[in-house]
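Step one of this worksheet: look at the structure below.
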Amino acid sequence: MMNNTKLKESACDELIYATSILNIIINDNVMPSDNMFNAIESAVANIERAKENVSSINTDKSPKPIGKIKISDNDTIETAVGCILNTLETAINLKVAEESGHIKNYDIQITNLIQSAKLNLETVYEKVSFTEA
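In the working numbering, the protein residues as written are 114 to 246.
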C-alpha cells in the first residue's frame, strides 16, 4: 500500500498526463477520428487511476479522504472527477453515434465537451496538488 505522499504524486502524474492528452486534442485542433478517441480513452484511464489514488489519500488535518474535500459548495474532488469521466464518455458516445450514422456533424459539440472536461480537470489538479498529504 502506498503512503499519502506517493498516492498524491501518482494522482498528480495521472492528471498531468490526462490534461496533456486533452490539451493536444484541443490546442492542435485535432479532427475527431479513431486515433483521437483512443487518446481520449487513454485520458479517461489516467483519470480513473487518479481517482482511485485520490480516494485513498487521507490528509493530516482531516481524517476524511482527500476525495471528499470540497472544491465548491456542492462538489467534492471525487464527484468532480466522476463528472469529468462522464463528460469524456459522452464525447466518445457522440462520436460512436456519428460514425454509425445516427447523428451528423457533431465535431464542435464533441470538442466543446473535451474542452469542458479539460477545464474541470485543471481545477481538480490544482486542488489535489496544493492539498497537504
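In this text, a Cβ means the ideal position worked out from N, Cα and C, and glycines have one as well.
Excluding five sequence neighbours on each side, which residues of the same chain lie with their C-beta closer than 6 Å to the C-beta of residue i?
{"i": "H215", "result": "none"}
{"i": "A163", "result": "A124, E127 and L128"}
{"i": "S169", "result": "L120"}
{"i": "N159", "result": "E127, Y130 and A131"}
Round the Cβ separation of residue i and residue j to the nearest angstrom and send it over; I've been treating them as touching at under 8 Å.
{"i": "L234", "j": "I197", "result": "5 Å"}
{"i": "V157", "j": "I190", "result": "V157 to I190, Cβ: 17 Å. No contact."}
{"i": "K208", "j": "I223", "result": "6 Å"}
{"i": "I182", "j": "K240", "result": "7 Å"}
{"i": "I205", "j": "I153", "result": "6 Å"}
Can you tell me whether residue i is helix, strand or coil according to DSSP?
{"i": "K217", "result": "coil"}
{"i": "M149", "result": "helix"}
{"i": "N142", "result": "coil"}
{"i": "N116", "result": "coil"}
Who does residue i pair with in a DSSP beta bridge?
{"i": "T189", "result": "K183"}
Just to confirm my understanding: we take residue i, look at its own chain, exclude 5 residues before and 5 after, and list those with CB closer than 7 Å. What are they?
{"i": "K231", "result": "T132, L135, N136 and I139"}
{"i": "T200", "result": "L226, S229 and A230"}
Return the chain-ordered list of same chain residues with a C-beta closer than 8 Å to the C-beta of residue i, the five sequence neighbours on each side being excluded.
{"i": "E161", "result": "L198"}
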